[in-house]
Structures are given as structure tokens and as C-alpha cells.
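Colleague: The working numbering puts the first residue of the sequence shown at 431, with every later residue one more than the last. Yeah, the Cβ is synthetic: ideal placement off N, Cα and C, and Gly gets one too. Structure in C-alpha cells, see below.
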Amino acid sequence: MRTELVSEPGDAARPNEDFASVGLPASGQGGAVVVLDGVTPPRGATGCLHSVPWFTARLGGALTELTVSLPDVPLTEALSLALARTAEAHRGTCDLSHPRTPQATVVMARWSPETVEYLILSDSALLVESPDGTVTPYLDDRLSLLPRSALATDEMIDAGLRNKEGGFFTAAADPSVASRAVTGSLPRAGVRALAALTDGATRWVDTFAAGEWSDLFDVVRKEGAQSLVDQVRALELADADRAFLRRGKTHDDATVVFVEF
């Protein structure tokens, strides 16, 4: 088995808000990947004393433990338990009902000798390569399908779309959001490799249109995860007139985890 993990902050002066882990049980019979993309809040109150990196570290650590130590617990239940545990750690000091309480997107994959399970919540991505080389993206596309006009301001997003029906969902303080995730299971024999990526890395496809998902996967497989991040950074710097980035920040935290069975 080959594993590779790269996580690079968008700004060297700010902490990386992403989280990534690969867990391999001592039994050698399986493993799990957890990737979180912390949601950078706008300026102003969030109702919480804690930073986004604090939240992603807590939630990511809990998910890594639960997915590896409890292999028979479904990923949705593992996410629900991890969210409840993380919320309890700061419920007494913070307003967890605030729409900008620390939150994150989630990608998880867990494999055994028989299956590969997956869970995606919000706009990070999981790419799965079959033995014949076909690459299939597994996505939660609810955010990307919303009209741009509905996303014009942070206030509009928070009031009508964030963690609401008809909008999109992120992992914040409510354990029930786990049931909103995109989930599934694949035969292990049908999976040759997989890649989990935050949207700072998927910009290569969905922002800059540098290629298709299969092309991105080829870059990671052949050139390495760092090469993909380096290419994204070059594309960001070349977009001086912001034809692609528009309102988006120039650089975002970018994380890539690659697993080849």
C-alpha cells in the first residue's frame, strides 16, 4: 500500500485550517482517511472562543479514532459521535447555535478486505480509481448548484442557506447533520486507489478548468500530491485579473491524501 499526504496553508501567516489523517490499524486489515476543510469565518462574531484549527483538530482527531477503532460503526454514526464529542468540549463557553460557530467540510473513506465506505459533506471531494483506470468523483454538489445570486453576501448565506434545507450542510455543532452527508459503499476489489481533496486543491478542476477529474488524478498518481498543489498555486498567481477567482481568496489551504491499494 502506498499513502501520500500533503497539506499546505493558503497563507504562511495564518494557521492551516485543514485537517488530514490516514489511520492504519495494527491488524493490517483495513484503514481510513479523514480530510476536513475548516470554514474560514467572515470578520465579526462567531459565538465561539475557539479557532477553526482548534475545531478541525478536535473533530478530525475524534473521527480518526472512531473510524479506526470502531470499524463496524457506520461512517455517519462516527461523524455524529465525533460532532457530539467536539461540541461537548466547548458547549459551556461558546454559543454553538451561532451560524458561524466553527465548522468544516468532511471527506472520509474507510476500507476493509471486502469494502470501501465513503462519506462526503459539502465541497471537498473523493476520487476513486477502478482497476481499469476509470476515475469516479464522489461529491456533495449542493453548494455548487446554488445560484450565484443567492451567495452574494455572507449574511444571505447564513440566513437562508448554511445548514438549512434547500441550501448546503457542513459539520458544525449539530450531530444530526451526519445524516445529510453523501455516503456509499464499494467493493474493495473495484478500487485500485483513491484521493481525498479539499477545495483548495480541487480548484485545479472546478475553478481553473485545467483538466478533468481523471487528469487531476493522473497528476497525483504520477507526479505526486505536492505537484498538484504547486500547479494550483501557479494558476492562482497567474490569475492577476481574477477572471477565475472572482470574489474568492487568492490562495486557499490545500490538502491532498492519496491511497493506492
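Following the continuous beta strand (DSSP E) through Arg488, name the residue where it begins and the one where it ends.
Modeller: As a working mapping, residue 488 is identified with position 58 in the sequence shown. Counting along the chain, Arg488 falls outside any beta strand (DSSP E), though it belongs to the alpha helix (DSSP H) covering 482-499.
Colleague: Could I get the ranges of all uninterrupted alpha helix (DSSP H) runs contained in the segment 640-678, with 4 residues as the minimum, in chain order?
Modeller: With a minimum length of 4 residues, the continuous alpha helix (DSSP H) runs that stay inside the segment 640-678 are 643-653, 655-668.
Colleague: In angstroms, rounded to a whole number, what distance separates the CA positions of Val526 and Pro561?
Modeller: Here residue 526 corresponds to residue number 96 of the sequence shown, with the count starting at 1. Here residue 561 corresponds to residue number 131 of the sequence shown, with the count starting at 1. Looking at the sequence shown, residue 526 is not Val but Leu. Going from the Cα of Leu526 to the Cα of Pro561 covers about 44 Å.
Colleague: Which residues does DSSP pair with Asp467 in a beta bridge?
Modeller: Working through the sequence shown from its first residue, we reach residue 467 at position 37. Asp448, Thr535, per the DSSP bridge assignment.
Colleague: Can you check which of these residues, Val465, Gly477, Gly474, His520, is closest to Leu493 by C-alpha distance?
Modeller: Here residue 493 corresponds to residue number 63 of the sequence shown, with the count starting at 1. For Leu493, the nearest C-alpha among the options comes from Val465.
Colleague: Quick check on this structure: which residue in Pro617, Pro567, Leu581 has the alpha carbon closest to the alpha carbon of Leu573?
Modeller: Locating residue 573 in the sequence shown gives position 143, counting from the first residue. Checked all of Pro617, Pro567, Leu581; the closest Cα to Leu573 is Leu581.
Colleague: Could you tell me whether the segment 633-653 touches the segment 589-599, where touching means 3 or more Cβ pairs closer than 8 Å?
Modeller: As far as the Cβ criterion goes, the segment 633-653 does not touch the segment 589-599, which means the pair count is below three.
Colleague: Please list the terminal residues of the continuous beta strand (DSSP E) segment that includes Thr613.
Modeller: Locating residue 613 in the sequence shown gives position 183, counting from the first residue. 612-617 is the span of the beta strand (DSSP E), which, as asked, contains Thr613.
Colleague: Given this structure, state the Cα-to-Cα distance separating Ala539 from Ser644, to the nearest angstrom.
Modeller: Counting from one through the sequence shown, the residue named residue 539 turns up at place 109. Counting from one through the sequence shown, the residue named residue 644 turns up at place 214. Taking the straight line from one Cα to the other gives about 19 Å.
Colleague: Quick one: give me the first and last residue of the beta strand (DSSP E) that Ser437 is part of.
Modeller: For this step, residue 437 is matched to residue 7 along the sequence shown. 432-438 is the span of the beta strand (DSSP E), which, as asked, contains Ser437.
Colleague: Give me the Cβ distance between Val470 and Thr613, rounded to the nearest whole Å; I'm assuming they're in contact under 8 Å.
Modeller: Taking the first residue of the sequence shown as 1, we reach residue 470 at position 40. Taking the first residue of the sequence shown as 1, we reach residue 613 at position 183. According to the sequence provided, residue 470 is Thr. The question's Val does not apply to it. At roughly 26 Å, the Cβ-Cβ gap does not stay under 8 Å, so Thr470 and Thr613 are not in contact.
Colleague: Between the Cα of Ser609 and the Cα atoms of Ser542, Leu557, Ser552, which residue gives the shortest distance?
Modeller: As a first step, residue 609 must be located in the sequence shown, where it is residue number 179. Answer by Cα proximity: Ser552.
Colleague: Pair every Cβ in the segment 645-659 with every Cβ in the segment 681-690, then say whether three or more of these pairs are closer than 8 Å.
Modeller: The segment 645-659, when compared against the segment 681-690, does touch it at the 8 Å Cβ threshold.
Colleague: Please confirm if the segment 562-570 is in contact with the segment 503-520, defined as three or more CB-CB distances below 8 Å between the two stretches.
Modeller: Touching, no, given that fewer than three Cβ pairs across the two stretches are closer than 8 Å.
Colleague: With a cut-off of 8 Å on the beta carbons, I'd call Asp467 and Thr531 a contact; round off their distance for me.
Modeller: On the sequence shown, position 37 is the one that residue 467 refers to. On the sequence shown, position 101 is the one that residue 531 refers to. Not quite, the Cβ-Cβ distance comes to about 16 Å (not below 8 Å), so this is no contact.
Colleague: Could you check how far apart the C-beta atoms of Ala668 and Gly630 are, in whole angstroms? I think they sit under 8 Å.
Modeller: Here residue 668 corresponds to residue number 238 of the sequence shown, with the count starting at 1. Here residue 630 corresponds to residue number 200 of the sequence shown, with the count starting at 1. Actually they are not in contact, since the Cβ atoms of Ala668 and Gly630 sit about 16 Å apart, beyond 8 Å.
Colleague: Between Pro577 and Leu591, what straight-line distance do the alpha-carbon atoms span, to the nearest angstrom?
Modeller: Counting from 1 along the sequence shown, the entry for residue 577 is found at position 147. Counting from 1 along the sequence shown, the entry for residue 591 is found at position 161. Taking the straight line joining both Cα atoms gives about 11 Å.
Colleague: Three Cβ pairs or more, each shorter than 8 Å: is that satisfied between the segment 475-484 and the segment 450-463?
Modeller: No, they do not touch.
Colleague: Under the rule that 16 or more other beta-carbon atoms within 10 Å means buried, what is Val682, buried or exposed?
Modeller: Position 252 of the sequence shown, counted from the first residue, corresponds to residue 682. Reading the sequence as shown, one finds Asp at residue 682 and not Val. Burial call: buried.
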